[in-house]
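*Asks:* The structure that follows is given in the form of structure tokens.
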Amino acid sequence: MMATAAPMVLPDIEREQDSKPRDELEPGYLVICWDDPVNLMDYVTHVFQRVFRWTKPKAEYHMLQVHEQGRSVLTRESMERAEHYVHQLHQYGLKATMERD
Amino acid sequence: MKLVRNQARFILELAGREYRLLREVLRLYPRIPPGYHQLNPTGDPAQTAADQRLLEEALRAQKEESRRQLDAWLKEIQPPRHHAGVWRLDFSEAELDWFLQVLNDVRVGSWLRLGAPADPHAVELNQGNWEDFVALEFCGYTQSVLLGSLDDPS
Chain A
-12 MMATAAPMVL PDIEREQDSK PRDELEPGYL VICWDDPVNL MDYVTHVFQR
38 VFRWTKPKAE YHMLQVHEQG RSVLTRESME RAEHYVHQLH QYGLKATMER
88 D
Chain B
12 MKLVRNQARF ILELAGREYR LLREVLRLYP RIPPGYHQLN PTGDPAQTAA
62 DQRLLEEALR AQKEESRRQL DAWLKEIQPP RHHAGVWRLD FSEAELDWFL
112 QVLNDVRVGS WLRLGAPADP HAVELNQGNW EDFVALEFCG YTQSVLLGSL
162 DDPS
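From first to last, the protein sequence lines are chains A and B.
Using this note's numbering, the letters of the first sequence map in sequence onto residues -12 to 88.
Using this note's numbering, the letters of the second sequence map in sequence onto residues 12 to 165.
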């Protein structure tokens, strides 16, 4: 008896109509979190989940990037939004800065 | 010490000794000094200085408000009547998040006062720094209990 071949399903791929080359994007600011030897790893994950409304796996990914690489770029935003996020991270006691992209 | 979830509320249960130590540690809030946080250390110096001042003012105002909130919250804590002398501190989810911030401020501030060591356990303790070490350790322990229980669906 032959096994029934499962139908092959291809992912839907559509070209994003609104995407622009990087040099045509509005100027943005990177929000960066820096490693320090004091904040607990679970606490950093918790903060990322609260501030950015991220899932736990995504928050853990960035926490580990901070821990292992010394920093993680968390998001790219307008200046006002980037300042807002950096201020929130400071309220939680994390080391965070913003820089122009 | 343990955190118990009761529907939308969280109850932190503490033995008498733990509760007294927590009160002592919370007396230290806020502990991170102004100027610890930097907005953008590589930007234009004049703009950075102005932004830095604004950042410090905003953080100072937020911590003053948080100190008032902490004092009001501490005043409302009732001593244990039953539960074998166990202190029971009641939090909403938002209050628990705020409490974690307070504990972390005391923890990071105490670490800075110890000289920001890579390994705080390697610091030689003396009359001048033992309180910082105890605050660092107790806040870390309490944070771990809270964070561990937050993840536990039971």
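All residues carry an ideal CB built from backbone N, CA and C; glycine is no exception.
Going along the chain, which residues of the region 38 to 49 of chain B sit with their C-beta nearer than 8 Å to a C-beta in chain A?
*Replies:* So the close ones are Ile43, His48, Gln49.
*Asks:* Residues of chain B with CB under 7 Å from A:Met89, in chain order?
*Replies:* For chain A, the structure presents residues -12 to 88; residue 89 of chain A sits outside this window and is missing.
*Asks:* Does DSSP classify A:Trp41 as helix, strand or coil?
*Replies:* Position 54 of the first sequence, counted from the start, is the residue given in the question as residue 41 of chain A. The answer is coil: DSSP assigns A:Trp41 none of H, G, I, E or B.
*Asks:* Determine, using beta carbons only, whether B:Trp122 comes closer than 7 Å to chain A.
*Replies:* As a working note, residue 122 of chain B is residue 111 in the second sequence. Yes - at least one Cβ of chain A is within 7 Å of the one on B:Trp122.
*Asks:* Of the choices B:Asn137, B:Leu157, B:Gln138, B:His132, whose alpha-carbon is the least far from that of B:Asn147?
*Replies:* Here residue 147 of chain B is taken as the residue at index 136 of the second sequence, counted from 1. Sequence check: residue 147 of chain B is Leu here, not Asn. Out of B:Asn137, B:Leu157, B:Gln138, B:His132, B:His132 has the C-alpha closest to the C-alpha of B:Leu147.
*Asks:* Do the CB positions of B:Gly151 and B:Arg118 come within less than 7 Å of each other?
*Replies:* Working through the second sequence from its first residue, we reach residue 151 of chain B at position 140. Working through the second sequence from its first residue, we reach residue 118 of chain B at position 107. Cβ distance < 7 Å, so B:Gly151 and B:Arg118 count as in contact.
*Asks:* How would you label A:Ser59, buried or exposed, when you count the other beta carbons within 10 angstroms and need 16 or more for buried?
*Replies:* Counted from its first residue, the first sequence places residue 59 of chain A at position 72. With 16 or more Cβ atoms within 10 Å of its Cβ, A:Ser59 is classed as buried.
*Asks:* Across the region 100 to 109 of chain B and the region 120 to 132 of chain B, are there enough close Cβ pairs to call them in contact, namely three or more that are closer than 8 Å?
*Replies:* Too few Cβ pairs lie closer than 8 Å, so no.
*Asks:* Please classify B:Gln18 as buried or exposed, where buried requires at least 16 other C-beta atoms within 10 Å of its C-beta.
*Replies:* Against the second sequence, residue 18 of chain B aligns to sequence position 7. It counts as exposed.
*Asks:* Tell me, please, whether the CB atom of B:Asn115 is closer than 7 Å to any CB atom in chain A?
*Replies:* Within the second sequence, residue 115 of chain B is the residue found at index 104, counting from 1. So, interface residue.
*Asks:* Is B:Ala32 helix, strand or coil by DSSP?
*Replies:* Numbered from 1 along the second sequence, position 21 holds the residue referred to as residue 32 of chain B. Checking the displayed sequence, the identity of residue 32 of chain B turns out to be Leu instead of Ala. Helix, per DSSP.
*Asks:* Can you tell me the Cα-Cα spacing of B:Gln89 and B:Tyr30, whole angstroms?
*Replies:* Stepping through the second sequence from its first residue, residue 89 of chain B is reached at position 78. Stepping through the second sequence from its first residue, residue 30 of chain B is reached at position 19. Straight-line Cα distance between these residues: approximately 12 Å.
*Asks:* Could you check whether the region 68 to 75 of chain A touches the region 106 to 125 of chain B, counting it as contact only if at least three pairs of C-beta atoms, one from each stretch, sit closer than 8 Å?
*Replies:* Contact between the region 68 to 75 of chain A and the region 106 to 125 of chain B is absent, because fewer than three Cβ pairs lie under 8 Å.
*Asks:* With the cut-off set at 7 Å, would you say B:Gln112 and A:Tyr79 are in Cβ contact?
*Replies:* Numbered from 1 along the second sequence, position 101 holds the residue referred to as residue 112 of chain B. Numbered from 1 along the first sequence, position 92 holds the residue referred to as residue 79 of chain A. Against a cut-off of 7 Å, the Cβ pair of A:Tyr79 and B:Gln112 comes out as a contact.
*Asks:* At the level of alpha carbons, what is the spacing between A:Lys82 and A:Asp22?
*Replies:* For the purposes of this step, residue 82 of chain A is identified with residue 95 of the first sequence, where counting begins at 1. For the purposes of this step, residue 22 of chain A is identified with residue 35 of the first sequence, where counting begins at 1. One C-alpha to the other measures close to 7 Å.
*Asks:* Can you tell me whether DSSP reads B:Ser121 as helix, strand or coil?
*Replies:* Position 110 of the second sequence, counting from 1, holds the residue named residue 121 of chain B. Looking at B:Ser121 - three-state DSSP - the assignment turns out to be helix.
*Asks:* Under 8 Å Cβ to Cβ from A:Thr32, same chain only, skipping five residues before and after it: list those, please.
*Replies:* On the first sequence, residue 32 of chain A is found 45 positions in, with the first residue counted as 1. Cβ neighbours of A:Thr32 beyond the five flanking positions: Lys43, Ala46, Glu47, Met50.
*Asks:* Quick one, are the C-beta atoms of B:Asn51 and A:Thr84 less than 7 Å apart?
*Replies:* For this step, residue 51 of chain B is matched to residue 40 along the second sequence. For this step, residue 84 of chain A is matched to residue 97 along the first sequence. Yes.
*Asks:* First and last residue of the alpha helix (DSSP H) that includes B:Val156?
*Replies:* On the second sequence, residue 156 of chain B is found 145 positions in, with the first residue counted as 1. Taken as a continuous stretch (DSSP letters only), the alpha helix (DSSP H) holding B:Val156 covers 141 to 162.
*Asks:* Quick check: B:Val145 and B:Leu14, are their CB atoms within less than 7 Å of each other?
*Replies:* In the second sequence, residue 145 of chain B corresponds to position 134, counting from 1. In the second sequence, residue 14 of chain B corresponds to position 3, counting from 1. No, Cβ-Cβ distance for B:Val145 and B:Leu14 is not below 7 Å.
*Asks:* Use the C-beta contact count for A:Leu61: other C-beta atoms within 10 angstroms, 16 or more gives buried, fewer gives exposed.
*Replies:* For the purposes of this step, residue 61 of chain A is taken as residue 74 along the first sequence, with counting starting at 1. When all chains shown are included, A:Leu61 counts as buried.
*Asks:* So, are the CB atoms of B:Leu32 and B:Met12 less than 7 Å apart?
*Replies:* Indexing the second sequence from 1 puts residue 32 of chain B at position 21. Indexing the second sequence from 1 puts residue 12 of chain B at position 1. Contact flag unset, no.
*Asks:* By the 10 Å Cβ neighbour count, where 16 or more other Cβ atoms means buried, how is A:Thr(-9) classified, buried or exposed?
*Replies:* Position 4 of the first sequence, counted from the start, is the residue given in the question as residue -9 of chain A. Residue placement at A:Thr(-9) is poorly supported in this model, since its pLDDT is 46, which falls under 50; the coordinates still yield a value, given next. A:Thr(-9) is exposed by the Cβ-count criterion.
*Asks:* Measure the C-alpha to C-alpha separation of B:Ile43 and B:Arg71 and round it to an integer number of angstroms.
*Replies:* Here the question's residue 43 of chain B lines up with position 32 in the second sequence. Here the question's residue 71 of chain B lines up with position 60 in the second sequence. Looking at the two C-alpha atoms, the distance is approximately 10 Å.
*Asks:* Between B:Leu136 and the rest of its own chain, which residues show a CB-CB distance below 7 Å, the 5 nearest in sequence each way excluded?
*Replies:* The residue given as residue 136 of chain B occupies position 125 in the second sequence. Only Phe144 meet the Cβ criterion.
*Asks:* Three-state secondary structure (DSSP) at A:Met(-11)?
*Replies:* Here residue -11 of chain A refers to the residue found at position 2 when the first sequence is read from its first residue. At A:Met(-11), the pLDDT of 42 sits below 50, so the modelled position is not reliable; the number obtained from the coordinates is stated separately. In the structure shown, A:Met(-11) sits in coil (DSSP, three-state: anything other than H, G, I, E or B).
*Asks:* In the DSSP assignment, find the beta strand (DSSP E) that holds B:Asp101 and state where it starts and stops.
*Replies:* Taking the second sequence and counting its residues from 1, one reaches residue 101 of chain B at position 90. Start and end: 98 to 102.
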